[in-house]
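S.K.: What follows is a single structure, and I will ask about it in a moment.
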Amino acid sequence: QVQLVESGGGLVQTGGSLTLSCAASTSMFSIYTMGWYRQAPGKARESVATITGNFITNYRDSVKGRFTISRDNAKKMVYLQMNSLKPEDTGVYYCQGSLIGANYWGQGTQVTVSS
């Protein structure tokens, strides 16, 4: 069982920045694909950004150029740097780890962007 713990959410004004962090418990962290997902009230959870064990990244179109996902395998951490935040970025952000079809989720951290 893999445990993921997010931190770094909060309230920020439009145009502001936040960095989310996710700490993983697994010793096999380096081969996991890690991702950040978000869920706004009344909406489905959506992928924001992912990063493979080989550091290949992927972003949803609406965050390209504003968000950066990164990982530190030695620390078993994954990060999401969010710049130029918009009200539509508001939601609960979840860290996900996946390996060979098994998915693990953190408890989520709230990000609120005020207009």
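Each residue of the sequence shown is one higher than the one before, starting from 6 at the first, in the numbering used here. Virtual Cβ for every residue (Gly too), placed ideally from N, Cα, C.
Does L85 pass the burial test, meaning 16 or more other C-beta atoms within 10 Å, or should it be called exposed?
M.R.: buried
S.K.: In the DSSP output, what is D77 paired with across the bridge?
M.R.: M82
S.K.: Excluding the 5 residues preceding and the 5 following S89 in the sequence, name in chain order all residues of the same chain whose CB lies nearer than 7 Å to its CB.
M.R.: G20, R71
S.K.: Output the distance between the C-alpha atoms of Q101 and I74, rounded to the nearest integer angstrom.
M.R.: Those two C-alpha atoms are separated by around 12 Å.
S.K.: Could you tell me the distance, in whole angstroms, from the CA atom of V97 to the CA atom of S120?
M.R.: 17 Å
S.K.: From this set, D94, S103, G111, A107, which residue's C-alpha is nearest K48's C-alpha?
M.R.: Ranking D94, S103, G111, A107 by Cα distance to K48 puts D94 first.
S.K.: Report buried or exposed for K81, applying the criterion of at least 16 other Cβ atoms within 10 angstroms of its Cβ.
M.R.: buried
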